[in-house]
Amino acid sequence: MQRRDFFQSPLLVGMMQEPPIEREYKAGGTGSVSYQTEVTIERPVRGKPHRGKVLAAIQPHCDDIPIFAGGTVLKLIDEGYTGYLITVSDDSMAGEGSSIGDIVQKNERDTVKVGERLGCKESFFLNYPNHNMDAWPLVEIRARLIFLFRLLKIDTVLVYDPSGLYEQNPDHYVTARAVESAFWMAGAAWDYPEHFRAGLTAHGPQDAYYFARGPQLVNRAVDITNYMDAKVNANLANVTQGPAGNLGARLRAKLAAQGKRLLLLGNDDETANRQYTKYFALSRDRTRGKPHGLSYAELFHYVSRDESLVDDYVAKNAVSL
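Numbering-wise, the sequence shown is residues 31 to 351 according to our numbering.
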């Protein structure tokens with residue numbers, strides 16, 4: 031199934047009708063084990079509170095970050111982060127083109143534009159074989175990510191949830207697991223000591239935003255209302271295999287042939303594609319925001335290392351000798 035076809039499938043309708051995220055599970059119906067989490071709403075912050083921090087938006091395919099975390103990347107960069115976009119696969123198996131090589135070239139060109147529209151400083155390509163990353167040594171992918179984390183001084187990562195349920199795409203869960211282990215190993219003093227001979231230092235991310243296509247344990251809803259139009263613009267750069275492509279213009283032409291029109295789609299193809307992307311292809315953001323009182327939201331399982339708690343306590347309570 032092409033990604034753009036997915037957004038017109040019955041599966042999308044089911045996703046749009048998902049119940050509120052907050053829920054409790056009691057194993058065996060005995061009440062002996064309970065899993066429950068509160069959802070924190072992360073709202074836009076004025077100024078540049080994250081100035082000096084660096085994020086890595088990591089995706090197996092060129093459309094993953096713009097679809098599932100594009101609004102959050104835009105928000106964090108607007109609040110001071112320097113951003114980098116890392117694409118792990120070669121994107122050879124999805125999109126329209128005359129050959130596999132043509133598709134790879136088009137997707138890479140699209141990805142560079144996506145990174146620019148998200149505000150990222152640079153885009154990196156690891157070029158693992160699309161749909162076959164589970165045949166590649168995880169330790170190699172992890173090592174390359176650790177190198178980038180140390181080189182770029184990454185503080186925050188955004189990537190697929192390594193614990194997301196029912197994920198069928200091997201590229202998704204392999205990327206997520208490689209990032210999960212690189213997350214803490216990058217900060218270890220004994221892993222890959224040759225990096226230190228090259229002038230790098232141990233440095234690992236302090237927090238992560240994990241997103242998922244299916245069910246996950248959500249504990250953070252990021253308000254992307256102010257960034258929704260910019261997110262649409264980033265997704266429109268993914269012409270080759272993005273969620274919308276030229277679907278708005280096609281729908282507009284189809285309706286015109288039937289003597290009909292949708293006011294939503296406007297009077298030209300550019301407006302039609304933009305509106306189609308916002309109101310149909312990315313409708314999950316509107317649906318997911320509603321239970322939290324937000325116009326548009328992206329959902330994550332957010333994790334943070336405990337060191338920040340220690341630093342905060344020391345800053346507030348340390349006294350002079």
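Beta carbons are placed, not taken as given, at the ideal position from N, Cα and C, and that holds for glycine.
Segment limits, alpha helix (DSSP H) that includes residue i
{"i": "Asp299", "result": "299-306"}
{"i": "Ile95", "result": "94-98"}
{"i": "Thr317", "result": "313-319"}
{"i": "Gly323", "result": "From DSSP, Gly323 is part of no alpha helix (DSSP H); its letter is neither H nor E."}
{"i": "Arg282", "result": "277-287"}
Residue i - partner residues in DSSP beta bridges
{"i": "Tyr257", "result": "According to DSSP, which records beta bridges pairwise, Tyr257 is partnered with nothing at all."}
{"i": "Gln89", "result": "Thr117"}
{"i": "Tyr190", "result": "Phe241"}
{"i": "Val84", "result": "Thr112"}
Nearest-angstrom Cα separation, counted from residue j out to residue i
{"i": "Thr307", "j": "Val69", "result": "27 Å"}
{"i": "Ala283", "j": "Gly275", "result": "14 Å"}
{"i": "Leu329", "j": "Ser350", "result": "43 Å"}
{"i": "Glu152", "j": "Ala287", "result": "43 Å"}
{"i": "Gly127", "j": "Val144", "result": "19 Å"}
{"i": "Ser325", "j": "Glu72", "result": "13 Å"}
{"i": "Asn303", "j": "Arg280", "result": "9 Å"}
{"i": "Ser64", "j": "Arg139", "result": "Caution applies to Ser64, whose pLDDT of 48 falls short of 50 and renders its modelled position unreliable; the value that the coordinates give is listed next. For Ser64 and Arg139, the distance between alpha carbons rounds to 47 Å."}
{"i": "Thr160", "j": "Leu168", "result": "In the sequence as displayed, the identity of residue 160 is Asn instead of Thr. Approximately 15 Å between the Cα atoms of the pair."}
{"i": "Lys290", "j": "Gly278", "result": "14 Å"}
{"i": "Leu188", "j": "Thr255", "result": "19 Å"}
{"i": "Ala26", "j": "Ala206", "result": "This structure cannot settle anything about residue 26, because the visible part of the chain is limited to 31 through 351."}
{"i": "Gly323", "j": "Val142", "result": "34 Å"}
{"i": "Gly195", "j": "Leu295", "result": "For clarity, residue 195 is Leu in the given sequence; the question names Gly instead. Rounded to whole angstroms, Leu195 to Leu295 spans 35 Å at the Cα level."}
{"i": "Ser334", "j": "Asp185", "result": "10 Å"}
{"i": "Trp166", "j": "Pro200", "result": "11 Å"}
{"i": "Pro245", "j": "Ala86", "result": "23 Å"}
{"i": "Arg81", "j": "Gly113", "result": "11 Å"}
{"i": "Leu247", "j": "Phe98", "result": "15 Å"}
{"i": "Thr231", "j": "Ala212", "result": "14 Å"}
{"i": "Arg316", "j": "Leu293", "result": "20 Å"}
Where the beta strand (DSSP E) containing residue i begins and where it ends
{"i": "Ser334", "result": "327-334"}
{"i": "Arg72", "result": "This sequence places Glu at residue 72; Arg is not what is there. Start and end: 70-72."}
I'd like the ranges of any alpha helix (DSSP H) spanning at least 4 consecutive residues and lying wholly in the stretch 108-184. 130-148, 168-182
Would you say the stretch 129-143 touches the stretch 172-182, given that touching needs at least three Cβ pairs under 8 Å? no
With a floor of 4 residues, list each alpha helix (DSSP H) that falls wholly inside the stretch 212-261, ordered by position along the chain. 224-227
Contact between the stretch 92-110 and the stretch 244-261 is defined here as three or more beta-carbon pairs at a separation below 8 Å; is this criterion met? yes
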